[in-house]
Each structure stands twice: as structure tokens, then as C-alpha cells.
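Q:
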Amino acid sequence: MAGSLLLDKRLRSECKNQGATIHLPPSNRYETLLKQRHVQELDGLLEINRMTHKLLSKYLTLDSFDAMFREANHNVSAPYGRITLHVFWELNYDFLPNYCYNGSTNR
Numbered sequence: 000m001a002g003s004l005l006l007d008k009r010l011r012s013e014c015k016n017q018g019a020t021i022h023l024p025p026s027n028r029y030e031t032l033l034k035q036r037h038v039q040e041l042d043g044l045l046e047i048n049r050m051t052h053k054l055l056s057k058y059l060t061l062d063s064f065d066a067m068f069r070e071a072n073h074n075v076s077a078p079y080g081r082i083t084l085h086v087f088w089e090l091n092y093d094f095l096p097n098y099c100y101n102g103s104t105n106r
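Okay, so the sequence shown: first residue is 0 according to numbering that gives the first Met the number 0, each after it adds one.
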């Protein structure tokens, strides 16, 4: 249903002329989410890396994934990992300065 907001206006008008009705949700509900680009889910990326490590470890001698992850994330020598610092940086210098929610228009 949310994807219907991205349909071409000409297609929607042709469907309406043919008698097919495309129900649209309120635009302020999904529009902002659908316009986002380059948002990646961290958990999905970690799972892909974990599975890749599992497949490679059948043929190569590798350290455990958790040990490699802790070392790459600098959890071994620093109190805060690189992921935590990167999320903090992005929130403070990209997301929060550019985010403005208007409660009256829900945008």
C-alpha cells in the first residue's frame, strides 16, 4: 500500500479511467520513509558477513568471527567501538541537524 505513493500519476489516472481504483494512504504517513535513500540495516550486513565467514572458514583457517569483529570494531583497545562512534557521529552531524518534525502536519 505504501508503494502506491510512488506510482506514476499518469498510470493512476489511466487506471481510474479504466475503473480500477488505487487506494492511497495518507501521504504524510509513508512519503518521508519512501524518499529515504542509502539507509542500510546494520543487522543485515552483520549477518551477511557472519555467513560469509562461515562459508570461507570451511576452506580457510580463520579466527572466529566474533574475535575478528571485536578487533575490527576496536573493542579490544578502546572503550567505545567504531560502530558506536559512527552512529553517534551520524546522529549528531547529519540526522539531527536535518530532521525537523512538525506535529501539526505530521511531516
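Ideal placement from N, C-alpha and C gives every residue a C-beta, glycine not left out. Remember, it's a predicted structure, so these values are computed and weren't measured experimentally.
1. Which of the three DSSP states, helix, strand or coil, is assigned to Ile21?
2. At which residue ranges does the stretch 55-98 contain complete alpha helix (DSSP H) runs of 4 or more residues, listed in the order of the chain?
3. Which class does Leu45 belong to by DSSP, given the choice of helix, strand or coil?
4. Distance check for Leu54 and Leu84, CA to CA, integer angstroms please.
5. On the three-state DSSP scale, how would you describe Ser12?
6. Between the alpha carbons of Gly43 and Cys99, how many angstroms are there, rounded?
7. For Thr104, which of helix, strand or coil comes out of DSSP?
8. Output the distance between the C-alpha atoms of Arg9 and Asn91, rounded to the nearest integer angstrom.
A: On the basis of the coordinates in this document:
1. By one-based count along the sequence shown, residue 21 stands at place 22. In the structure shown, Ile21 sits in coil (DSSP, three-state: anything other than H, G, I, E or B).
2. 64-71 and 81-89
3. Here residue 45 is taken as the residue at index 46 of the sequence shown, counted from 1. Three-state DSSP puts Leu45 in a helix.
4. Position 85 of the sequence shown, counted from the start, is the residue given in the question as residue 84. Position 55 of the sequence shown, counted from the start, is the residue given in the question as residue 54. The straight-line gap from Cα to Cα measures roughly 30 Å.
5. Against the sequence shown, residue 12 aligns to sequence position 13. It is helical.
6. In the sequence shown, counting from the first residue as 1, residue 43 sits at position 44. In the sequence shown, counting from the first residue as 1, residue 99 sits at position 100. Their Cα atoms are separated by approximately 28 Å.
7. As a working note, residue 104 is residue 105 in the sequence shown. Here Thr104 sits in coil by DSSP.
8. Start at 1 with the first residue of the sequence shown, and residue 9 comes out as number 10. Start at 1 with the first residue of the sequence shown, and residue 91 comes out as number 92. When rounded, the distance between both Cα atoms is 40 Å.
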